[in-house]
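Peer 1:
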Amino acid sequence: MNASKEILSFNKKLEGENLGPLWSSIHQLNTIEPEAKPIPYLWKKELIERNLEEAEELLEVGAGADRRAVFLINPGMKDLKPVGWGGATQTLYAAVQAVKPGEIAPSHRHTTTALRFIMKGEGAKGRVNGEKITFEPGDFLITPSWVWHDHANEGNETVYWMDCLDSPFTKYMNVSFTEFYPEKQQKLLVPDDYSSTRYQGGMVRPISDRQPSLAPLGRYKWNQTKSGLDGLSKLNPDLFDGFAVEYINPSTGKDANNRIGSRMQKLSPGFQGKAHRHVHSNVYHVFKGTGYTVMNGVRFDWSEGDFFVIPSWIWHEHVNTSDSEEVLLFSTNDLPIMEAFDFERVEEYELNNGHQEIKEVFKPIY
Ligand code: GTQ
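Take 4 as the starting number for the sequence shown in our numbering and just add one per residue.
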């Protein structure tokens, strides 16, 4: 609406009295489409590694620092305090954590929910909910809301993994509680790798789990995820995402982590995905391979170890640029939250046989 001088000064007076003029704000409140603060962005492996190495020199985990992790800040959220609400997207926090041999990241629990994808290094042992869990590259782990967790490196090399939490969401909802365990490491209550042993079959559940629980399984081994992908790869790929699987809670069939979705997807050599956009947002980690993702007409080139984000309602399509090597992408998403509130929508790109025109190439910081 074209506001007169009188209306504008009335608006100003209202705001001074902590009231809002709906006649001038209604179109910003009821937007035609989401107007996301986070933007499509990519972080190079080299940039993250260089800074983590510096942090490895600078601080010791367990003696001063609770965790050594460098998190991704979406440039569009930078003005939110503290430090962008730790947001890679509007709901998802993502980081790379490094634990050196002998270090123990002390036990705590929080309402914010978390998951990890192991990138590099052998010897990591996590304690989650009274269970000691061994994790290796390619493994996926969950530490759900309000469950004690601490991490140790009992090996000879630094271990690196991706953390993903829903902290921007819990921050926004103002529901972030944290508690510290009285000792550095929690007491073990069950045999080592207990939950993976119980769910070893993959397709059958212990009879006592007829009533579903939040986190019956703590760790998802890489070879089982790979086997799922290998099976799918004998069939036709999804036009947008290639061959993709989701990590699930084996007692409910829903997402492994109740508030964060997670996937592993394979793009066969030469795969050229079609474009679509959806309300849920994603954080991607390139586990293997090289390629690019076009987001709203900008090409983001990636290779092994890089991270990139697809915020809400951004056109995107993935391409594997190699004609011999496959691409493996690990990703997390806020689809469980979007679905819980009936927010999810998906739209396919109709023009140009489903492919965007590339107008620009993104230049990352190295
Ligand atoms: O390992 O518990 O990257 O609490 C951020 C918050 C990791 C963890 C993060 C956390 C953790």
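Where is the CB? At the ideal position from N, CA and C, for every residue including glycine.
Only counting the same chain, and skipping five residues up and downstream in sequence, which positions put a Cβ closer than 7 Å to that of Glu350?
Peer 2: Counting from 1 along the sequence shown, the entry for residue 350 is found at position 347. Only His279, Arg280 meet the Cβ criterion.
Peer 1: Using the beta-carbon count (16 or more within 10 Å), is Asp258 buried or exposed?
Peer 2: Locating residue 258 in the sequence shown gives position 255, where the first residue counts as 1. With 16 or more Cβ atoms within 10 Å of its Cβ, Asp258 is classed as buried.
Peer 1: Ser236 and Leu220: beta carbons closer than 9 Å?
Peer 2: Reading the sequence shown from its first residue, position 233 is the one you call residue 236. Reading the sequence shown from its first residue, position 217 is the one you call residue 220. Cβ atoms of Ser236 and Leu220: not closer than 9 Å.
Peer 1: Unbroken beta strand (DSSP E) runs of length 3 or more, entirely within the segment 201 to 289: which are they?
Peer 2: Within the segment 201 to 289, the complete beta strand (DSSP E) runs of at least 3 residues are 246 to 249, 264 to 270, 279 to 281.
Peer 1: Which partner residues does Ile455 have in the DSSP bridge list?
Peer 2: With the chain running from 4 to 369 in the structure shown, residue 455 is simply not present.
Peer 1: In its own chain, which residues sit with a C-beta less than 7 Å from the C-beta of Pro85, not counting the 5 before and 5 after it?
Peer 2: Taking the first residue of the sequence shown as 1, we reach residue 85 at position 82. Around Pro85: no qualifying Cβ.
Peer 1: Below 8 Å on the Cβ atoms is my guess for Gly105 versus Asn21; work out the distance and round it to an integer in Å.
Peer 2: Numbered from 1 along the sequence shown, position 102 holds the residue referred to as residue 105. Numbered from 1 along the sequence shown, position 18 holds the residue referred to as residue 21. In fact, because the Cβ distance is near 54 Å, the residues do not count as touching under 8 Å.
Peer 1: Where does Thr181 land, buried or exposed, given buried means 16+ other C-beta within 10 angstroms?
Peer 2: As a first step, residue 181 must be located in the sequence shown, where it is residue number 178. Counting Cβ neighbours within 10 Å, Thr181 comes out exposed, since fewer than 16 surround it.
Peer 1: Based on the DSSP secondary-structure assignment, which residues constitute the bridge partners of Phe172?
Peer 2: For the purposes of this step, residue 172 is taken as residue 169 along the sequence shown, with counting starting at 1. In DSSP, Phe172 forms no bridge with anything.
Peer 1: Which runs of the alpha helix (DSSP H) fall wholly inside the segment 107 to 156 and span at least 4 residues, in chain order?
Peer 2: Here no run is fully enclosed.
Peer 1: Would Pro24 and Gly65 be called neighbours here (beta carbons separated by less than 9 Å)?
Peer 2: Translated into positions along the sequence shown, residue 24 becomes position 21. Translated into positions along the sequence shown, residue 65 becomes position 62. The answer is no: Cβ separation not under 9 Å.
Peer 1: Go through its chain and collect everything with a Cβ distance to Arg119's Cβ below 6 Å, but skip five positions before and after it.
Peer 2: Within the sequence shown, the letter at position 116 stands for residue 119. Closer than 6 Å at the Cβ level, and outside the excluded window around Arg119, lie Leu144, Trp164, Asp166.
Peer 1: What number of angstroms, rounded off, separates the C-alpha of Glu52 from the C-alpha of Arg266?
Peer 2: As a position in the sequence shown, residue 52 is number 49, starting the count at 1. As a position in the sequence shown, residue 266 is number 263, starting the count at 1. Distance between the alpha carbons of Glu52 and Arg266: 24 Å.
Peer 1: Assign Val86 to one of three DSSP states: helix, strand, or coil.
Peer 2: Sequence index remark: in the sequence shown, residue 86 carries index 83 (1-based). If DSSP states are grouped into helix, strand and coil, Val86 belongs with the helices.
Peer 1: Pull up the DSSP beta-bridge partners for Met298, would you.
Peer 2: For this step, residue 298 is matched to residue 295 along the sequence shown. Answer is Val301, His319, bridged to Met298.
Peer 1: Can you tell me whether DSSP reads Ile370 as helix, strand or coil?
Peer 2: Outside the shown range of the chain, which is 4 to 369, sits residue 370, and nothing can be said about it.
Peer 1: Flag this pair as yes or no: are the beta carbons of Phe310 and Ala58 separated by less than 9 Å?
Peer 2: Stepping through the sequence shown from its first residue, residue 310 is reached at position 307. Stepping through the sequence shown from its first residue, residue 58 is reached at position 55. For Phe310 and Ala58, no; Cβs fall outside 9 Å.
Peer 1: Ala6: buried (16+ other C-beta within 10 angstroms of its C-beta) or exposed?
Peer 2: Your numbering for residue 6 matches position 3 in the sequence shown. By the 10 Å Cβ count, Ala6 comes out exposed.
Peer 1: Output the boundary residues of the alpha helix (DSSP H) element that contains Asn54.
Peer 2: Counting from 1 along the sequence shown, the entry for residue 54 is found at position 51. Unbroken alpha helix (DSSP H) run through Asn54: 48 to 61.
Peer 1: Compute every distance between the C-beta of Thr115 and the non-hydrogen atoms of the ligand GTQ, then say whether any falls below 8 Å.
Peer 2: In the sequence shown, residue 115 corresponds to position 112, counting from 1. Yes, the ligand GTQ has a heavy atom inside 8 Å of this Cβ.
Peer 1: Quick one: grab the DSSP three-state call for Gln31.
Peer 2: Taking the first residue of the sequence shown as position 1, residue 31 is located at position 28. DSSP places Gln31 in helix when its eight states are reduced to three.
Peer 1: Could you tell me which of Ala127, Phe246, Ser211 sits nearest to Ser162, measuring between CA atoms?
Peer 2: On the sequence shown, residue 162 is found 159 positions in, with the first residue counted as 1. In the sequence as displayed, the identity of residue 162 is Val instead of Ser. Val162 has its Cα closest to that of Ala127, out of Ala127, Phe246, Ser211.
Peer 1: Output the distance between the C-alpha atoms of Gln188 and Ile340, rounded to the nearest integer angstrom.
Peer 2: For the purposes of this step, residue 188 is taken as residue 185 along the sequence shown, with counting starting at 1. For the purposes of this step, residue 340 is taken as residue 337 along the sequence shown, with counting starting at 1. Cα-Cα distance, rounded: 31 Å.
Peer 1: Relative to the alpha-carbon of Gln361, which residue among Glu49, Glu60, Gly300, Asn239 has its alpha-carbon at the smallest distance?
Peer 2: Reading the sequence shown from its first residue, position 358 is the one you call residue 361. Before going on, a small fix: residue 361 reads as Ile here, not Gln. It is Gly300.
Peer 1: So, at 7 Å on beta carbons, what are the nonlocal neighbours of Pro171 in its own chain, with the 5 sequence-adjacent residues on each side left out?
Peer 2: Taking the first residue of the sequence shown as position 1, residue 171 is located at position 168. If we look at Pro171 and ignore the five residues flanking it on each side, its Cβ neighbours are Trp88, Gly89, Gly90, Gln93, Thr94, Leu95, Tyr96.
Peer 1: Would you call the segment 130 to 138 in contact with the segment 190 to 205, where contact means no fewer than 3 C-beta pairs closer than 8 Å?
Peer 2: Yes, they touch.
Peer 1: With hydrogens ignored, establish whether the beta-carbon of Arg70 is closer than 8 Å to any heavy atom of the ligand GTQ.
Peer 2: The residue labelled residue 70 in the question sits at position 67 within the sequence shown. Under cutoff, so the answer is yes.
Peer 1: Using DSSP's beta-bridge definition, name the partner residues of Ala66.
Peer 2: Counted from its first residue, the sequence shown places residue 66 at position 63. The partner list for Ala66 (beta bridge, DSSP) reads Glu63.
Peer 1: What is the residue span of the alpha helix (DSSP H) that Ala343 lies within?
Peer 2: On the sequence shown, position 340 is the one that residue 343 refers to. That run of the alpha helix (DSSP H) goes 338 to 343.
Peer 1: Which residues bound the alpha helix (DSSP H) around Phe13?
Peer 2: For this step, residue 13 is matched to residue 10 along the sequence shown. It spans 8 to 19 - the alpha helix (DSSP H) in which Phe13 sits, taken as one unbroken run.
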